[in-house]
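The next block holds one structure in the form of structure tokens; read it before the comments.
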């Protein structure tokens, strides 16, 4: 069974731009969570989606948003990029009724 | 903020058992203890989880104290490929999110 895939793997943007990252969960997984990882703050929870609905949200500004499609694929969007948004963005999926998360390889975003 | 406490780093000789401790002094009755590891620049990988009983799988063993305030992840025969950051986290099914701390950087040395 294929693992969680994330596209693109690497991305370079400039301040003020916006970016959309994509995540395809493991087949059959309907819950998708997003995390931001930076050297200073570690792994921080962004939000979780289940059945196209945001179920939980972390402490991030409204510039960070996401959505989930009917096939469970998810996207996250960051608008008005800031230098501090440079990070590894990780997506994780899980089966209904379990809390075990399976992470993708991440998207490395660099904001110049 | 992370609720678990782990030593920042540990070393282990190749072929020996690696015992990674975790304190979760504020864990509540319905929270599971999960362990993940992250090899440099990759996504975290699930290792094992438990509620109150000790658990074992093909990767590791998890020992949880009777009062559930601490746990130990055991890699029975560490290899160089086990060098990674190991995270111990508490998971509340109802909360739906996982709070990761800084983890323990395990370095397996030849």
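Chains as they are written, first to last, in the numbering used here: chain A, 623 to 734; chain B, 536 to 645.
Where is the CB? At the ideal position from N, CA and C, for every residue including glycine.
Note that the structure is predicted; figures quoted are calculated from it, not measured.
- Within chain B, the residues 632, 633, 634, 635 have their CB atoms less than 9 Å from the CB of residue 667/A, given in chain order.
- Note that the C-beta distance between residue 726/A and residue 703/A is not below 8 Å.
- The beta carbons of residue 577/B and residue 638/B sit about 14 Å from each other, so the pair does not count as a contact at 8 Å.
- If you ignore the 5 residues before and after residue 592/B, its C-beta comes within less than 7 Å of the C-beta of 583, all in its own chain and listed in chain order.
- By the rule that beta-carbons nearer than 8 Å mark a contact, residue 723/A touches chain B.
- Apart from sequence neighbours up to five positions away, the residues of its chain that approach residue 552/B with a beta-carbon distance below 8 Å are 609, 610, 611, 612, 613, ordered along the chain.
- Boundaries of the beta strand (DSSP E) around residue 686/A: 686-690.
- Interface flag for residue 581/B against chain A is set, since a Cβ pair is found closer than 8 Å.
- Under the 10 Å beta carbon count, residue 707/A is surrounded by 16 or more other beta carbons and is classified as buried.
- Chain-order list of chain B residues neighbouring residue 728/A: 578, by C-beta distance under 7 Å.
- Residue environment: residue 638/A is assigned as exposed (fewer than 16 neighbouring CB atoms within 10 Å of its CB, all protein chains considered).
- In this chain, the beta strand (DSSP E) harbouring residue 546/B covers 544-548.
- Shown here, residue 555/B sits in a strand according to DSSP, grouped into three states.
- Among the residues facing chain B, residue 717/A is not included, as its CB has no counterpart in that chain under 8 Å away.
- Taken through DSSP and simplified to helix, strand or coil, residue 572/B comes out as strand.
- Nearest neighbour of residue 661/A by Cα position, chosen from 714/A, 723/A, 628/A, 709/A, turns out to be 709/A.
- Residues of chain A whose Cβ lies closer than 8 Å to the Cβ of residue 626/B are, in chain order, 721.
- Inclusion of residue 585/B and residue 571/B in the CB contact set at 8 Å is not warranted, their separation being larger than that value.
- Listed in chain order, the positions of the stretch 555-575 of chain B with a beta carbon within less than 9 Å of a beta carbon of chain A are 567, 569, 571, 573.
- For the stretch 645-666 of chain A, the beta-carbon criterion of a distance under 9 Å to any beta-carbon of chain B is satisfied by 653, 655, 657, 659, 664, 665, 666.
- Rounded to whole angstroms, the separation of the alpha carbons of residue 629/A and residue 656/A is 13 Å.
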